[in-house]
Ligand SMILES: Cc1cc2nc3c(=O)[nH]c(=O)nc-3n(C[C@H](O)[C@H](O)[C@H](O)COP(=O)(O)O)c2cc1C
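In this note's numbering, the protein residues as written are 5 to 429.
1. Decide yes or no for the touch test of the segment 414-429 against the segment 354-363: beta carbon pairs closer than 8 Å, at least 3 of them.
2. So, is residue 127 buried or exposed, given that buried needs 16 or more other C-beta atoms within 10 angstroms?
3. Below 6 Å CB to CB, which residues in the same chain sit around residue 262 once its five sequence neighbours on both sides are set aside?
4. Suppose you measure from the CA of residue 108 to the CA of residue 279; what does that come to, to the nearest Å?
5. Consult DSSP for residue 1 and reduce its assignment to one of helix, strand or coil.
6. How about residue 400: is its Cβ closer than 6 Å to a heavy atom in ligand 1?
7. Is DSSP giving residue 215 helix, strand or coil here?
8. Closest to residue 381 by C-alpha separation, out of 371, 308, 234, would be which residue?
9. Any chance the CB of residue 409 is under 6 Å from a heavy atom of ligand 1?
10. Mind checking which residues open and close the beta strand (DSSP E) that includes residue 276?
11. Return the bridge partner residues of residue 99 from the DSSP annotation.
12. Thinking residue 58 and residue 27 are a contact (beta carbons under 8 Å), I'd like their distance in whole angstroms, please.
13. Closer than 6 Å: is that where the CB of residue 190 sits relative to any heavy atom of ligand 1?
14. Do three or more CB pairs link the segment 222-234 to the segment 249-259 at distances below 8 Å?
15. Comparing C-alpha positions only, which one of 252, 269, 245 sits nearest to residue 235?
16. Check residue 207 in the structure and name its three-state DSSP category.
17. Report the residue from 288, 240, 251 whose alpha carbon sits nearest the alpha carbon of residue 267.
18. Tell me where the beta strand (DSSP E) around residue 245 begins and ends.
19. Give, in chain order, every unbroken run of the beta strand (DSSP E) that is at least 3 residues long and sits entirely within the segment 324-399.
20. Measure how close the beta-carbons of residue 95 and residue 32 come, nearest whole angstrom, since I'm counting them as under 8 Å.
21. Would you identify the three-state DSSP class for residue 424, choosing helix, strand or coil?
22. Whole angstroms are fine: how far does the CA of residue 91 sit from the CA of residue 37?
23. Quick check: what's the CA-CA separation for residue 118 versus residue 378?
24. State yes or no: is the C-beta of residue 229 within less than 7 Å of the C-beta of residue 187?
25. Out of 374, 310, 315, 312, which has the shortest C-alpha to C-alpha gap to residue 336?
26. Using 8 Å as the threshold, is the segment 188-204 in touch with the segment 271-288, meaning 3 or more CB pairs across them?
27. Would the beta-carbon of residue 381 be found less than 6 Å away from any heavy atom of ligand 1?
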């Protein structure tokens with residue numbers, strides 16, 4: 005009988021008091037399944053399939069806080085109106101029927117809201133801390149795509165930023181009223197909160213920029229306001245890009261930001277990386293890709309997980325922050341390594357969860373599976389050969405991954421079986 009990693013199966017109590025049955029978290033994956041901005045029956049069906057899978061928590065795909073600025077036209081919006089509470093309550097019930105904690109990821113895309121996504125009108129600009137457009141890479145195709153799809157954002161006024169803070173708080177209140185166990189603020193992957201945190205996209209010189217601490221103000225305000233308005237054990241998690249903090253200066257800025265987030269009262273910090281400009285959340289850092297550099301460590305966690313080194317650095321400075329690492333985990337052994345080494349406390353799983361809803365029960369906790377068999381690799385999403393030759397190929401393949409796995413979630417919602425992409429090679 006194989007030994008099942010005790011830590012993966014161990015329950016954990018978050019600082020707010022919320023208890024998770026185990027350490028496995030279905031990561032946020034935008035489903036693109038809302039109808040009139042509300043969770044559709046098919047979306048609720050998909051979560052009902054994840055519910056008995058054995059997950060400690062299920063994090064929803066990113067839910068928008070402003071109907072004018074969406075990630076895609078099919079996003080759930082937290083401010084969609086009167087019908088929300090009953091719909092959201094059904095969603096929370098379906099998701100949590102077997103004991104997994106349902107956590108709503110709340111987000112604003114800022115400059116990453118494509119044209120046509122949101123009720124701002126075709127000619128209205130996206131919004132951001134500063135007028136810094138996305139950079140999709142060199143060349144006429146990338147430049148034209150960027151101009152047509154995203155344009156150049158306009159700078160938010162201070163009172164608009166205060167309104168955005170209130171929208172995040174309202175989204176958390178709705179989540180709580182519907183019975184969800186918590187929210188996760190999406191401050192990773194280049195979305196609005198990440199745009200505020202980064203000195204590359206936040207050039208402001210007011211209350212929300214100009215110093216490291218002021219760049220974090222919007223996030224700190226949201227955390228504090230939710231903490232004040234929603235009673236414990238409601239959980240507040242935060243997802244950030246570890247890779248946005250590079251070099252010595254970057255590390256010292258990260259330490260300052262994390263000190264502020266810890267003081268404001270987060271339950272756990274999810275470490276990810278990447279943006280539309282460089283989708284590291286899907287492939288890891290470019291220099292770490294297997295074709296570029298063989299894995300240095302023989303340990304499976306080091307070979308698989310994209311952001312474990314960052315987790316170790318954070319852990320060294322912040323021993324008390326609970327860490328969730330997401331990206332690249334593909335075996336029971338790698339999770340066991342990551343948890344046993346103390347690098348993180350929780351394991352996030354994205355794409356494999358979109359093709360195997362019951363992954364914890366069928367593979368990770370399955371005592372009949374030996375360690376060598378307890379893996380769940382998924383192949384890359386297919387990309388046409390011609391597109392692979394473009395200079396934007398990394399961006400295109402990141403988009404293809406999202407699109408492919410989103411389709412599988414949509415199939416699950418329709419009662420169909422998901423289709424795994426074939427393993428490469
Ligand atoms: C279809 C799809 C949609 C995603 N949507 C989100 C999202 O809404 N919010 C988020 O933080 N990350 C999102 N991600 C990134 C995942 O949460 C995760 O970081 C990424 O898939 C890497 O984990 P994995 O290697 O286990 O797939 C998405 C990924 C996929 C495949």
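No residue lacks a Cβ here, since even glycine has one placed at the ideal position from N, Cα and C.
In terms of the structure at hand:
1. yes
2. Reading the chain shown from its first residue, position 123 is the one you call residue 127. So residue 127 ends up on the exposed side.
3. Taking the first residue of the chain shown as 1, we reach residue 262 at position 258. Contacts found: 322.
4. Along the chain shown, read from residue 1 onward, the residue named residue 108 stands at position 104. Along the chain shown, read from residue 1 onward, the residue named residue 279 stands at position 275. If I take the Cα positions, the gap works out to 21 Å.
5. This structure does not reach residue 1, given that the chain is present from 5 up to 429, and the question cannot be answered.
6. Reading the chain shown from its first residue, position 396 is the one you call residue 400. No, Cβ of residue 400 sits at least 6 Å from all heavy atoms of ligand 1.
7. Working through the chain shown from its first residue, we reach residue 215 at position 211. Reduced to three states, the DSSP call for residue 215 is coil.
8. Residue mapping note: residue 381 aligns to position 377 of the chain shown, counting from 1. When only C-alpha atoms are compared, the closest one is 308.
9. On the chain shown, residue 409 is found 405 positions in, with the first residue counted as 1. Result yes, Cβ under 6 Å from ligand 1.
10. Here residue 276 is taken as the residue at index 272 of the chain shown, counted from 1. Counting along the chain, the beta strand (DSSP E) containing residue 276 begins and ends at 272-276.
11. Counted from its first residue, the chain shown places residue 99 at position 95. Its beta-bridge partners do not exist; DSSP assigns none.
12. The sequence position of residue 58 within the chain shown is 54, counting from 1. The sequence position of residue 27 within the chain shown is 23, counting from 1. No, residue 58 and residue 27 are not in contact; Cβ-Cβ is about 11 Å, not under 8 Å.
13. Residue 190 sits at position 186 when you count from the first residue of the chain shown. Yes, ligand 1 has a heavy atom inside 6 Å of this Cβ.
14. no
15. If you number the chain shown from 1, residue 235 lands on position 231. It is 269 whose Cα lies nearest to the Cα of residue 235.
16. Locating residue 207 in the chain shown gives position 203, where the first residue counts as 1. Three-state result, residue 207: coil.
17. The count along the chain shown starts at 1 and reaches residue 267 at position 263. Comparing Cα-Cα distances from residue 267 to each of 288, 240, 251, the minimum goes to 240.
18. In the chain shown, residue 245 corresponds to position 241, counting from 1. Element bounds for residue 245: 239-245.
19. Whole beta strand (DSSP E) segments, 3+ residues: 326-330, 350-353.
20. One-based indexing of the chain shown puts residue 95 at position 91. One-based indexing of the chain shown puts residue 32 at position 28. Rounded, the Cβ-Cβ distance is 14 Å, inconsistent with contact.
21. Taking the chain shown and counting its residues from 1, the one referred to as residue 424 is at position 420. DSSP places residue 424 in coil when its eight states are reduced to three.
22. As a working mapping, residue 37 is identified with position 33 in the chain shown. As a working mapping, residue 91 is identified with position 87 in the chain shown. Going from the Cα of residue 37 to the Cα of residue 91 covers about 13 Å.
23. Taking the chain shown and counting its residues from 1, the one referred to as residue 118 is at position 114. Taking the chain shown and counting its residues from 1, the one referred to as residue 378 is at position 374. Cα to Cα, residue 118 sits roughly 39 Å from residue 378.
24. Your numbering for residue 229 matches position 225 in the chain shown. Your numbering for residue 187 matches position 183 in the chain shown. Not a contact, by the Cβ cut-off of 7 Å.
25. Looking up residue 336 in the chain shown gives position 332. Residue 336 has its Cα closest to that of 374, out of 374, 310, 315, 312.
26. yes
27. In the chain shown, residue 381 corresponds to position 377, counting from 1. No, ligand 1 has no heavy atom inside 6 Å of this Cβ.
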